[in-house]
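Everything below concerns the one structure shown next.
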Amino acid sequence: MKNIKNIIILASGNGSNTVNIIRYFSKSGSKINVSAVISNIPDAPVINKVRNIGNQVAVFTVPFTKNTEIITFEEKITEIVESYGIDYIILAGFMKVLSKEFVSRYEWRIINIHPSLLPAFKGKDAIKDAFNYGVKFTGVTIHFVTGEVDSGPVIMQGVLMISEEDNLSTLESKVHALEHRMYPLVLELLADDRIAIKNGKVKIHGENKKKFITALDLDQFSSSINL
Ligand code: GRF
1188 MKNIKNIIIL ASGNGSNTVN IIRYFSKSGS KINVSAVISN IPDAPVINKV RNIGNQVAVF
1248 TVPFTKNTEI ITFEEKITEI VESYGIDYII LAGFMKVLSK EFVSRYEWRI INIHPSLLPA
1308 FKGKDAIKDA FNYGVKFTGV TIHFVTGEVD SGPVIMQGVL MISEEDNLST LESKVHALEH
1368 RMYPLVLELL ADDRIAIKNG KVKIHGENKK KFITALDLDQ FSSSINL
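Listed below in structure tokens is the structure:
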């Protein structure tokens, strides 16, 4: 029988990556099953977007307020993760930093997407920071989560050129379009057990490796995706 990987997505905001991943893997025979989505923000747009897709993905809110202890918060997340037999925890715009304890419990099973070419432009305003800096190239990084924010072995990077015609909004659209193309590819690699970590670096094995290591798309992603 085919080995299906169960994933859970943690998201705090708009949810375009979450929706994109759910739609991508909703076809029958898919190797990835999106079991649930958890948001720490009770009115985040991602919640209704996932509910409106109308499939079987469970949606949970686990609010994190200024009085919430990180331990209590993460215990609730762990309970959900365990109850669904989750293989991978996928962060897609999840704005809460997970504790070192949580990360080590799920070592090499938590993946994040960041909208810059790490280690450049860490932090929550990566697209704006890259645009304001005036770099000529930026992109997207998908990486394993370790104890440090926006760090950890890089699985895939995608590169975009910033032209003089770009403004912040066109750049954001290009970055998001590239994210939507990359995240499903990385999840397919995980589903096929093609990712290994050796000496702190990601190695991809199997066919067609180049396709998965760098998505170099200079002009292709100029149109925005409407999610
Ligand atoms: C993405 O740009 C992702 O790289 C970053 O947060 C954003 C989430 O976007 N970590 P969305 O909520 O998936 O639309």
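The opening position of the sequence shown corresponds to residue 1188 in this note's numbering, with each subsequent residue numbered one higher.
Glycine included, every Cβ here is placed at the ideal spot set by N, Cα and C.
Applying the 10 Å Cβ sphere with the 16-neighbour rule, what's the burial state of residue i?
i	result
A1383	exposed
T1259	exposed
E1266	exposed
E1262	exposed
E1269	exposed
Q1243	exposed
S1215	exposed
G1321	exposed
Would DSSP call residue i helix, strand or coil?
i	result
T1255	coil
Y1370	helix
S1411	Bear in mind that a pLDDT of 38 at S1411, under 50, signals an unreliable position, so the model cannot answer this.
L1305	coil
I1196	strand
H1363	helix
L1285	coil
Express the C-alpha separation of residue j and residue i in angstroms, rounding to a whole number.
i	j	result
K1287	E1335	8 Å
P1229	F1247	9 Å
K1192	S1213	13 Å
F1308	S1338	11 Å
K1361	K1311	17 Å
M1369	L1304	13 Å
V1176	D1353	For the chain, the structure presents residues 1188 to 1414; residue 1176 sits outside this window and is missing.
E1359	G1393	33 Å
V1373	N1254	36 Å
L1278	V1341	14 Å
Excluding the 5 residues preceding and the 5 following residue i in the sequence, name in chain order all residues of the same chain whose CB lies nearer than 8 Å to its CB.
i	result
G1200	I1228, A1231, P1232, V1233, G1280 and M1282
Is residue i near ligand 2, going by C-beta to nearest heavy atom under 6 Å?
i	result
A1231	In the structure shown, ligand 2 is absent; the only ligands present are ligand 1.
Leaving out five residues on either side along the sequence, give the residues of the same chain with a beta carbon under 7 Å from the beta carbon of residue i.
i	result
R1238	V1246
I1264	I1225 and V1249
Starting from the C-beta of residue i, find all residues in its chain whose C-beta is less than 6 Å away, skip the five residues before and the five after it, and write them out in chain order.
i	result
G1202	P1232, V1233 and K1236
G1345	G1326, V1327, L1365, M1369 and A1402
K1390	A1383
Item to complete: Tell me, please, whether the segment 1200-1211 touches the segment 1219-1235 by the rule of three or more beta-carbon pairs shorter than 8 Å.
Response: As far as the Cβ criterion goes, the segment 1200-1211 touches the segment 1219-1235, which means the pair count is three or higher.
Discussion item. I'd like to know if the segment 1345-1360 and the segment 1316-1324 are in contact, where contact means that at least 3 CB-CB pairs between them fall below 8 Å.
Written reply: Counting Cβ pairs under 8 Å, three or more are found: they touch.
Worksheet item: So does the segment 1283-1302 actually touch the segment 1209-1221, counting three or more Cβ pairs closer than 8 Å?
Response: Too few Cβ pairs lie closer than 8 Å, so no.
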